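Numbering (this note's numbering), first residue to last: 1096 to 1462. Shown next, in structure tokens, is the structure this report addresses.
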């Protein structure tokens, strides 16, 4: 006999009831997954009782008579009716019920399956159990009398169909939200690959430096200080650091925003449309912030020789924004991304101090 339960708690509860009744059995659930294959392989032995959660033991055949196969034992079990599968309640999805049923009567073996349903089970209680219960009370049907009627089966299948519909809609909705993030992800990864694989990233870098408010002379001066050979490596490290850091922040912002747009449904707005619009605004802002950060930090990064144990020195780039150090000295309190910049510009730190704008530098110099 193979008994299927919906959860580990009910699986263990049933095991205690059988133990109290003196019925030898094996319990199979997520807590003893090391022996899962061994337990389910012996579930076809004569007299074996196995209590399993609906998901446990899948992928292992139940061989009648036990494993390794013994023709005599197998024949004895077949004559007694094969494997009997008992379901202690119906699952939300018919697919799971059918998987449990399918453990019996495989490959021409004899077998049977029987599900037991209470009107107090979650599935029945939510979808019409009280109505059926009132009919049974009116007809004065005893509590211990099994009810086998098409009305019950029909109610169950209708309830399962509704839940499957809800789950499908939920999965579909999650996919639509994820599509927005996937587009962002593709663009960011493409941008990242350009800096990783493009040997001519110096042209892109000089444009970003100009875009950040500096001149070609500033870029040339930095290249001269760092060295022509090292400049490409420096650009790559600075760019990847900026992209990775800001992308992580963007993921967090999008997650918070997803939670907040759901409330807009109360105002008659479609949360998905709001999520797409807000997401587009945040992503445009992210791309601008990445470009500005790369452009600024290229001019602040330095190469320092790092001595290894082999006695050789190797050059490593470190993007060290000088203004961040100045800020730490002038304002010991930690500044949040959305806090006002301590330089006095009136802008947020992420828009001024973090990007190290020229206005910020001038204000900090005055201070």
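Glycine included, every Cβ here is placed at the ideal spot set by N, Cα and C. Note that the structure is a prediction, hence the values are computed from the model and not measured.
Legend entry - Cross-strand partners of residue 1182 (DSSP beta bridge): Checking the DSSP bridge columns, you'll see residue 1182 partnered with 1099 and 1210.
Inset, instruction - Run the CB neighbour count on residue 1261, radius 10 Å, all protein chains shown included, and call it buried at 16 or more, exposed below. - result: Taking a 10 Å sphere around the C-beta of residue 1261, we find fewer than 16 other C-beta atoms and assign the residue as exposed.
Inset, instruction - Classify residue 1259 as helix, strand or coil using the three-state DSSP reduction. - result: In the structure shown, residue 1259 falls within a helical segment according to DSSP collapsed to helix, strand and coil.
Inset, instruction - Taking 8 Å as the threshold, find out whether the region 1162-1172 comes into contact with the region 1207-1216 through three or more Cβ pairs. - result: Too few Cβ pairs lie closer than 8 Å, so no.
Legend entry - residue 1235 versus residue 1217 - alpha carbon distance: Near 23 Å, if we compare the C-alpha coordinates of residue 1217 and residue 1235.
Inset, instruction - Let me know the secondary structure DSSP gives residue 1138 once reduced to three states. - result: Note: residue 1138 maps to coil in three-state DSSP.
Legend entry - Cβ-based neighbour list, residue 1458, same chain, cut-off 7 Å, excluding 5 preceding and 5 following: These residues qualify, in order along the chain: 1438, 1439 and 1440.
Legend entry - DSSP state of residue 1122 mapped onto helix, strand, coil: Note: residue 1122 maps to strand in three-state DSSP.
Inset, instruction - May I have a chain-ordered list of the beta strand (DSSP E) segments no shorter than 3 residues that lie completely inside the region 1271-1316? - result: Correct list: empty.
Legend entry - Beta-carbon separation (whole angstroms), residue 1120 vs residue 1113, contact threshold 8 Å: Rounded, the Cβ-Cβ distance is 5 Å, consistent with contact.
Inset, instruction - Measuring alpha carbon to alpha carbon, tell me which of 1272, 1188 and 1200 ends up nearest residue 1368. - result: Per the Cα distances, 1272.
Legend entry - According to DSSP, residues forming a beta bridge with residue 1145: Its beta-bridge partners are 1097 and 1121.
Inset, instruction - Can you tell me the Cβ-Cβ gap for residue 1148 and residue 1098, rounded? I've got them flagged as a contact below 8 Å. - result: Wrong, their Cβ atoms sit about 10 Å apart, outside the cutoff.
Legend entry - Inter-residue Cα distance where the pair is residue 1279 and residue 1134: Each residue's Cα considered, the two are about 47 Å apart.
Inset, instruction - Determine the burial state of residue 1351: buried for a count of at least 16 other Cβ atoms within 10 Å of its Cβ, exposed for fewer. - result: Here residue 1351 is exposed, its C-beta having fewer than 16 other C-beta atoms within 10 Å.
Legend entry - Contacting residues, own chain, Cβ-Cβ under 8 Å from residue 1175 (five flanking each side not counted): Within the same chain, residue 1175 has close Cβ partners 1141.
Inset, instruction - In angstroms with no decimal places, state the Cα-to-Cα distance between residue 1306 and residue 1385. - result: When rounded, the distance between both Cα atoms is 12 Å.
Legend entry - Cβ neighbours of residue 1204 in the same chain (closer than 6 Å, five flanking residues each side left out): Cβ-Cβ distances below 6 Å link residue 1204 to 1159 and 1177 in the same chain, with the five nearest sequence neighbours on each side left out; the list follows chain order.
Legend entry - Distance, residue 1281 Cα to residue 1245 Cα: Across the structure, residue 1245 and residue 1281 are spaced so that their CA atoms are roughly 52 Å apart.
Inset, instruction - Quick one: give me the first and last residue of the alpha helix (DSSP H) that residue 1202 is part of. - result: Unbroken run through residue 1202: none, as it is neither H nor E.
Inset, instruction - List the endpoints of the continuous alpha helix (DSSP H) containing residue 1452. - result: Following the DSSP letters along the chain, one finds residue 1452 in no alpha helix (DSSP H), marked with neither H nor E.
Legend entry - Minimum C-alpha distance to residue 1139 - residue among 1170, 1115, 1124 and 1117: Minimum Cα distance to residue 1139 is reached at 1170.
Inset, instruction - With a threshold of 16 other CB atoms inside 10 Å of the CB of residue 1446, please say whether the residue is buried or exposed. - result: Around the beta-carbon of residue 1446, 16 or more other beta-carbon atoms lie within 10 Å, marking it buried.
Inset, instruction - Could you give the DSSP three-state label for residue 1435: helix, strand or coil? - result: If DSSP states are grouped into helix, strand and coil, residue 1435 belongs with the strands.
Legend entry - Cβ shell of residue 1338 (< 7 Å), same chain only, five flanking positions each side left out: If you ignore the 5 residues before and after residue 1338, its C-beta comes within less than 7 Å of the C-beta of 1283, 1286, 1287 and 1385, all in its own chain and listed in chain order.
Inset, instruction - Please name the residue, chosen from 1304, 1460 and 1354, that lies closest to residue 1396 on a Cα-to-Cα basis. - result: The closest CA to that of residue 1396, considering only 1304, 1460 and 1354, is found on 1304.
Legend entry - Which residues DSSP lists as bridging residue 1443, in chain order: Per the DSSP secondary-structure output, residue 1443 pairs in a beta bridge with 1435.
Inset, instruction - Report the residue from 1318, 1252 and 1105 whose alpha carbon sits nearest the alpha carbon of residue 1124. - result: Checking every option, the nearest Cα to that of residue 1124 belongs to 1105.
Legend entry - For residue 1360, the three-state DSSP class (helix, strand or coil): The three-state secondary structure of residue 1360, taken from DSSP, is helix.
Inset, instruction - Would you give the residue range spanned by the alpha helix (DSSP H) that residue 1192 belongs to? - result: Under the DSSP assignment, residue 1192 falls in the alpha helix (DSSP H) whose first and last residues are 1189-1196.
Legend entry - Bounding residues of the alpha helix (DSSP H) (the contiguous stretch that carries residue 1376): Boundaries of the alpha helix (DSSP H) harbouring residue 1376: 1366-1393, taken from the DSSP string.
Legend entry - Of the residues 1348, 1376, 1268 and 1100, the one placed nearest residue 1196, counting alpha carbons only: Nearest option by C-alpha distance: 1100.
Legend entry - residue 1334 beta carbon less than 9 Å from that of residue 1296: Going by C-beta atoms, residue 1296 is nearer than 9 Å to residue 1334.
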